[in-house]
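Numbering (this note's numbering), first residue to last: 23 to 309.
All residues carry an ideal CB built from backbone N, CA and C; glycine is no exception.
Heads up: the structure comes next, in structure tokens.
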């Protein structure tokens, strides 16, 4: 500065832009849980070009144990990882990405539809349901869902021994403690609508519902679309019989545990109606 000169204020500013990261197939939302995303037992998880993500800051936010084998595009977590070393883990990115930014909740803006009056459930062990609201019942047997939106209030959807659950072009909203339990000897074949406000969403457990989702289907079982339980645990067991069948599946839960064999792919634009989810986020300097 020159003696006697008036002060010359200086101002600096910067603008940054936030972008989503790579496509993700599994996302655990819990911010602090140990093993928020867990790959255990004899599972063989194949997610070519797809990321397993966890928003937990725990040192083992994504954990592999037992004889589990993992093949994925990458692993991204706010915290650390456990057991994800070769030869048990084959990551296209080379090594897990630890201490990353949290991933965006892909369905945070989805609002469930309003309730309608409670519809009756047909008698018998084999029946077909139409879209609408069903209340305070246990749905079991061989169940077929016509295409559309289903609101389950306090319902337990549990096909039971040798039962089945089939629905194409369906979105199932789990409200007021409603839950789905699919056992290993039951067949499930579910896919979402590909257009409309709930495109790509197969199962949506409402915020505040803490009922665990258990998806352990048997032979020839297939689930595609988003399975979403932001405040509950998801247990997905592919075994040798159930997976995305190379199809399009996205698991988003408070925590996610995978056992058995699971094969999930990334190119799912047609199935999801342009809905996707991404791991972490990138921040770039614009100016």
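Q. Rounded to a whole number of angstroms, what is the C-alpha to C-alpha distance between residue 74 and residue 216?
A. Translated into positions along the chain shown, residue 74 becomes position 52. Translated into positions along the chain shown, residue 216 becomes position 194. Cα-Cα distance, rounded: 24 Å.
Q.
Just to confirm the assignment, what range does the beta strand (DSSP E) spanning residue 197 have?
A. As a first step, residue 197 is located in the chain shown; it is residue number 175 there, counting from the start. Per DSSP, residue 197 belongs to the beta strand (DSSP E) from 192–197.
Q. DSSP on residue 265, reduced to helix/strand/coil?
A. Numbered from 1 along the chain shown, position 243 holds the residue referred to as residue 265. With a pLDDT of only 47 at residue 265, under the threshold of 50, the placement of this residue in the model should not be trusted; the figure read from the coordinates follows. If DSSP states are grouped into helix, strand and coil, residue 265 belongs with the strands.
Q) So, do the stretch 183–192 and the stretch 202–213 have three or more beta carbon pairs nearer to each other than 8 Å? A) Yes, the stretch 183–192 is in contact with the stretch 202–213.
Q: Look at the Cβ atom of residue 228, then the Cβ atom of residue 196, and state whether they are nearer than 8 Å.
A: Position 206 of the chain shown, counting from 1, holds the residue named residue 228. Position 174 of the chain shown, counting from 1, holds the residue named residue 196. Yes, these two residues count as a Cβ contact at 8 Å.
(Q) Taking only three categories from DSSP, how would you classify residue 258? (A) Residue 258 sits at position 236 when you count from the first residue of the chain shown. In this structure, DSSP gives residue 258 an extended state, which the three-state scheme calls strand.
Q. What is the DSSP secondary structure of residue 293, reduced to helix, strand or coil?
A. Within the chain shown, the letter at position 271 stands for residue 293. In this structure, residue 293 counts as helix in the three-state DSSP scheme.
Q. How do the stretch 110–117 and the stretch 131–140 stand: do at least 3 beta-carbon pairs fall below 8 Å, yes or no?
A. Touching, no.
Q: Flag this pair as yes or no: are the beta carbons of residue 95 and residue 83 separated by less than 8 Å?
A: Translated into the one-based positions of the chain shown, residue 95 becomes position 73. Translated into the one-based positions of the chain shown, residue 83 becomes position 61. Contact: no.
Q) Name the DSSP bridge partner or partners of residue 115? A) For the purposes of this step, residue 115 is taken as the residue at position 93 of the chain shown. Per the DSSP secondary-structure output, residue 115 pairs with nothing in a beta bridge.
Q.
Our contact map puts residue 98 next to residue 43 with C-beta atoms below 8 Å; I'd like the distance itself, whole angstroms only.
A. Here residue 98 refers to the residue found at position 76 when the chain shown is read from its first residue. Here residue 43 refers to the residue found at position 21 when the chain shown is read from its first residue. Yes, they are in contact, since the Cβ atoms of residue 98 and residue 43 sit about 7 Å apart, within 8 Å.
**Q.** Beta-carbon gap between residue 279 and residue 246 smaller than 8 Å
**A.** For this step, residue 279 is matched to residue 257 along the chain shown. For this step, residue 246 is matched to residue 224 along the chain shown. No, Cβ-Cβ distance for residue 279 and residue 246 is not below 8 Å.
Q | Spatial distance of residue 282 from residue 296 (CA atoms) | A | Numbered from its first residue, the chain shown carries residue 282 at position 260. Numbered from its first residue, the chain shown carries residue 296 at position 274. Residue 282 and residue 296: Cα-Cα distance of roughly 29 Å.
Q.
Can you list, in chain order, the residues of its chain with a C-beta nearer than 6 Å to that of residue 167? Leave out the 5 residues immediately preceding and following it.
A. Here residue 167 is taken as the residue at index 145 of the chain shown, counted from 1. These residues qualify, in order along the chain: 151, 189, 192.
Q. Going by alpha carbons, who is nearest to residue 205 out of 163, 127, 177, 218?
A. As a working mapping, residue 205 is identified with position 183 in the chain shown. Measuring from the Cα of residue 205, the nearest candidate turns out to be 163.
Q. From 294, 115, 149, 302, pick the residue whose C-alpha is nearest to that of residue 224; which is it?
A. Within the chain shown, numbered from 1, the residue matching residue 224 stands at position 202. Looking at the Cα atoms, 294 is the closest of the given residues.
Q) So is residue 158 buried or exposed if we call it buried at 16+ other beta carbons inside 10 Å? A) Position 136 of the chain shown, counted from the first residue, corresponds to residue 158. It counts as exposed.
Q | residue 252 in three-state terms, based on DSSP | A | On the chain shown, residue 252 is found 230 positions in, with the first residue counted as 1. Strand at residue 252.
Q | Three-state secondary structure (DSSP) of residue 302 | A | The residue labelled residue 302 in the question sits at position 280 within the chain shown. Residue 302: coil per DSSP, three-state reduction.
Q | Reduced DSSP category for residue 46 - H, G, I as helix; E, B as strand; rest coil | A | Sequence index remark: in the chain shown, residue 46 carries index 24 (1-based). The answer is strand: DSSP assigns residue 46 an E or B state.
Q. Helix, strand or coil: which one does DSSP assign to residue 96?
A. Taking the first residue of the chain shown as position 1, residue 96 is located at position 74. In the structure shown, residue 96 sits in a strand (DSSP, three-state: E or B).
Q: Have a look at 249, 259, 254, 253 and flag the residue whose alpha-carbon is nearest the alpha-carbon of residue 13.
A: Residue 13 cannot be examined here, being either before or after the span of the chain that is shown, 23 to 309.
(Q) Using only the alpha-carbon positions, how far apart do residue 54 and residue 170 sit? (A) Taking the first residue of the chain shown as 1, we reach residue 54 at position 32. Taking the first residue of the chain shown as 1, we reach residue 170 at position 148. About 36 Å.
Q. Residue 165 and residue 181 look like a contact to me (Cβ under 8 Å); what is the Cβ gap, rounded to whole Å?
A. Taking the chain shown and counting its residues from 1, the one referred to as residue 165 is at position 143. Taking the chain shown and counting its residues from 1, the one referred to as residue 181 is at position 159. Between residue 181 and residue 165 the Cβ distance is about 6 Å, and since that is below 8 Å, they are a contact.
Q.
Quick check: residue 235 and residue 254, are their CB atoms within less than 8 Å of each other?
A. The count along the chain shown starts at 1 and reaches residue 235 at position 213. The count along the chain shown starts at 1 and reaches residue 254 at position 232. Contact flag set, yes.
Q | DSSP beta-bridge partners of residue 209 | A | Here residue 209 corresponds to residue number 187 of the chain shown, with the count starting at 1. Paired residues: 186.
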